[in-house]
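Undergrad:
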Amino acid sequence: MRAHEAGALHAEGGHQGPSWLRPPQDVNALVPALWASSVRRGDAGALTVGGLDIRDIAGEFGTPAYVIDEDDFRSRAREFKAAFDEVFQDLCGGADVYYAGKAFLCTAVARWIGEEGLGLDVCSGGELEVAIRAGFPGGRIGFHGNNKSVAEIEAALRYGVGRIVVDSFEEIERVAAAAQRLGLIAPVLVRVTVGVEAHTHEYIATAHEDQKFGFSLAGGEAANAVRRILEHPAYLSLLGLHSHIGSQIFDTSGFEVATRRVLGLHLDVAREHGIRLAELDLGGGFGVAYTTAHDPWSARDLATGMAAIIERECRADGVPIPKISVEPGRAIAGPSTFTLYEVGTVKEVLLDGDATRTYVAVDGGMSDNVRPALYDADYSCTIASRVSQAAPTLARVVGKHCESGDILVKDEFLPSDVRAGDLLAVPVTGAYCRSLSSQYNHVPRPPVVAVRGGAAREIVRRETIEDLLALDVD
């Protein structure tokens, strides 16, 4: 990680910026991989999305604001569904795609996902309630979480969710007891920790043994979980196994090792209990490009690579190929959205020697995007309200919060004439930015503005000071 306890000045790269960042030939140019498909510069130089000038969006909805291209979001969802269906068709009759709602979820997004034919993965009672309010079909919902409450489990069973991913021995008994009380049979998957270290930040790598999720293959925990479930045939129906190795992953090598190991358990279950598990969920975590340093795979490339792994491993072990499912979230939501800010101050800070750094402060910050502070995540940005002929300068975009770590974009080249009142856009903020947002310093959270067909509308309204004070009961 580049973060340093003594401050950003001491971080890797210093005031020169990271090694992958190069001065642009045109500081106004957009990198297509970082933006929703309809984003471009209009004739007046301002960004447009879905044919709308972002200055008009800012004028109507204010800043900061998350701006989502609905057609782009839907297109990415369709692309995943079509790719995995087609590639896996001859192997196991297609594959199921569950959108990981934790990336970003509201009732409108749940409806979009439902209309595009995907399933929905939720991991809390609140996310489940969003799905219920949206009228999402219960049978297409998967319910995750490492510590589901009795109330959450019962709500999921009453709504008829298609799968509950069990995560502990206590939870197996909890789900069985809830199903008994309700007179139901609960469909479950066993989350298996396969001991794979995904090449990602330690906080979002989820398949090594030393973490909170799932049953480890080491020591036979996962096999014991299967036995425990099979002890409740009247209340639990074991659908299959689940594996998730982390987030922001850019190749299939980790999936290859994980698949080999989880299929070993699949085969052991068949030998010991004489049953064939019908489903295998390989999770998600597919990476996206936040900067030019990232080179993500397309949905079809991912599907093709994963299908080859599944076919090879199943054939080698003599295991019938189970129905496969995956859970993209960031790869659908992330690039579909950018965050629009207004510049408030610009200052030149003298560093060592004659070097300076340009600090560009905007009207949002770590309350609307905590990922740079939490994961040391890199982002890009551009001046969105105009073009500039000024030379590029290396800048750092910061927020308005009372924290020195309130950094949105650590290093980016912006025009040297950047000034207060400019609109600035940070791309690829559709995943986890709104989901992880806070009210730090009592700053209300921004709205989510969806654009489609030349029209914009709020799908999550802007929070107000009155909203914050409404929770204060003193």
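Start counting the sequence shown at 71; every next residue gets the next number (our numbering).
Every residue gets a Cβ at the ideal spot worked out from N, C-alpha and C, and that includes glycine.
Indicate whether the contact test is met: 3 or more Cβ pairs, each with one atom in the stretch 184 to 192 and one in the stretch 157 to 165, closer than 8 Å.
TA: no
Undergrad: Taking just the CA atoms, how far does V339 sit from V296?
TA: So the two alpha carbons sit approximately 8 Å from each other.
Undergrad: Between the C-alpha atoms of S474 and V468, what's the straight-line distance to the nearest angstrom?
TA: 9 Å
Undergrad: From G334, Q318, P497, pick the residue whose C-alpha is nearest to that of L350; which is it?
TA: G334
Undergrad: Cβ of V430 within 7 Å of any heavy atom in the ligand MG?
TA: By its list of ligands, the structure shown contains no ligand whatsoever, and the ligand MG lies outside what it can speak to.
Undergrad: Ignore the nearest five residues each way along the sequence and tell me which others in F154's own chain have a CB closer than 7 Å to its CB.
TA: Closer than 7 Å at Cβ, skipping near neighbours: A165, V167, A373, V396.
Undergrad: Rounded to a whole number of angstroms, what is the C-alpha to C-alpha distance between P398 and F408?
TA: 19 Å
Undergrad: Less than 8 Å separating the beta-carbons of L188 and V245?
TA: no
Undergrad: For C472, count neighbouring Cβ atoms within 10 angstroms of its own Cβ and tell me buried if that reaches 16, exposed if not.
TA: exposed
Undergrad: Report the three-state DSSP secondary structure of S458 (helix, strand or coil).
TA: S458 sits in coil when the DSSP states are folded into three classes, being neither helix nor strand.
Undergrad: Quick one: is K417 buried, meaning 16 or more other Cβ sit within 10 Å of its Cβ, or exposed?
TA: A residue is called buried when at least 16 other Cβ atoms come within 10 angstroms of its Cβ; K417 does not meet this threshold and is exposed.
Undergrad: The beta strand (DSSP E) that contains G310, what's its start and end?
TA: Per DSSP, G310 belongs to the beta strand (DSSP E) from 306 to 312.
Undergrad: From what residue to what residue does the alpha helix (DSSP H) around F150 run?
TA: Here the alpha helix (DSSP H) through F150 covers 140 to 162.
Undergrad: Would you kindly check if the distance between the Cβ of I453 and the Cβ of L484 is under 8 Å?
TA: Yes, these two residues count as a Cβ contact at 8 Å.
Undergrad: Is E240 helix, strand or coil when you go by DSSP?
TA: Three-state DSSP puts E240 in a helix.
Undergrad: With DSSP run on the structure shown, which of helix, strand or coil describes R522?
TA: strand
Undergrad: Based on the DSSP secondary-structure assignment, which residues constitute the bridge partners of F483?
TA: Answer is L464.
Undergrad: Candidates A401, T362, L347, V457: which alpha carbon is nearest S368's?
TA: From the listed residues A401, T362, L347, V457, the smallest Cα separation to S368 is found for A401.
Undergrad: E349 bridges to which residues according to DSSP?
TA: G310, K393
Undergrad: Going by beta carbon distance, what residues of the same chain come within less than 7 Å of V119, once the five residues before and after it are set aside?
TA: A106, S108, V109, V137, D139, V521
Undergrad: Grab me the residues of G414's own chain with a C-beta within less than 8 Å of its C-beta, minus the 5 sequence neighbours each way, in chain order.
TA: A431, V432, D433, K470, A490
Undergrad: The alpha helix (DSSP H) that contains V167, what's its start and end?
TA: Note, V167: premise wrong, no alpha helix (DSSP H); beta strand (DSSP E) at 165 to 170.
Undergrad: Which partner residues does K417 have in the DSSP bridge list?
TA: Y429
Undergrad: Can you list, in chain order, the residues of its chain with a C-beta nearer than 7 Å to that of T270? Leave out the 5 residues immediately preceding and following it.
TA: Caution applies to T270, whose pLDDT of 44 falls short of 50 and renders its modelled position unreliable; the model cannot decide the point.
Undergrad: Check whether the stretch 532 to 542 and the stretch 512 to 521 are in contact - that is, three or more C-beta pairs closer than 8 Å.
TA: yes
Undergrad: Considering D387, what are the terminal residues of the alpha helix (DSSP H) in which it resides?
TA: 369 to 387
Undergrad: On the premise that E326 lies in contact with I379, defined as a C-beta separation below 8 Å, what is that separation, rounded to the nearest angstrom?
TA: 5 Å
Undergrad: V236: which of V457, V498, E381, F283 sits nearest, CA to CA?
TA: F283
Undergrad: Per DSSP, what kind of secondary structure is D126 in: helix, strand or coil?
TA: helix
Undergrad: Buried or exposed for W90, going by 16 or more other Cβ atoms inside 10 Å?
TA: exposed
Undergrad: Measuring alpha carbon to alpha carbon, tell me which of H214, R504, L100, L464 ends up nearest V192.
TA: H214
Undergrad: Between L26 and H312, how many whole angstroms is the CB-CB distance? I'm expecting something under 8 Å.
TA: Outside the shown range of the chain, which is 71 to 544, sits residue 26, and nothing can be said about it.
Undergrad: Roughly how many angstroms separate the alpha carbons of V157 and R370, rounded to a whole number?
TA: 8 Å
Undergrad: Report yes if the C-beta distance between V543 and G404 is below 8 Å; otherwise report no.
TA: No; because the gap between Cβ atoms is not below 8 Å, this pair is not in contact.
Undergrad: Do you know offhand how far V419's Cα is from A465's?
TA: 11 Å
Undergrad: Answer with buried or exposed for E130, where buried requires no fewer than 16 other C-beta atoms within 10 angstroms of its C-beta.
TA: exposed
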